[in-house]
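In the working numbering, the protein residues as written are 1 to 123. No residue lacks a Cβ here, since even glycine has one placed at the ideal position from N, Cα and C. Notes follow once the structure below has been shown.
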């Protein structure tokens, strides 16, 4: 596939912060990559410590997001931390890439959680 519109949603998971009062505060980026390394961001947010917003999913209210990707996609990648202001170290929810094979769910994990990207349509 040479590129086109992508429809997707993202869920952030940190089992240590799974109740309604302590939602994850993710920061970092979720991207799709071309075979030659070109990237298109699906979501990104800086670490703002105590001001990093809680975000269990993107888009927030359970819908789907649409973006144009001007290249083929061979990987879905997530490099996402979770702000733990006042605690020794931030949690790492996702750190890496998985091969893109078409619409479906892609889960990228790390030691403290995971990020699941659901691709509904591409191209």
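| query | Looking only at C-alpha atoms, which of 123, 7, 92, 17 sits nearest to residue 27? | reply | Closest by alpha carbon: 92.
| Chain-order list of residues whose beta-carbon lies under 6 Å from that of residue 45 (same chain, five-residue window excluded) | 27
| task | Tell me whether residue 17 sits in a helix, a strand or coil according to DSSP, three-state version. | result | helix
| task | Out of 82, 33, 106, 100, point me to the one whose CA is closest to residue 139's CA. | result | Residue 139 cannot be examined here, being either before or after the span of the chain that is shown, 1 to 123.
| query | Is the CB-CB distance between residue 31 and residue 76 below 9 Å? | reply | yes
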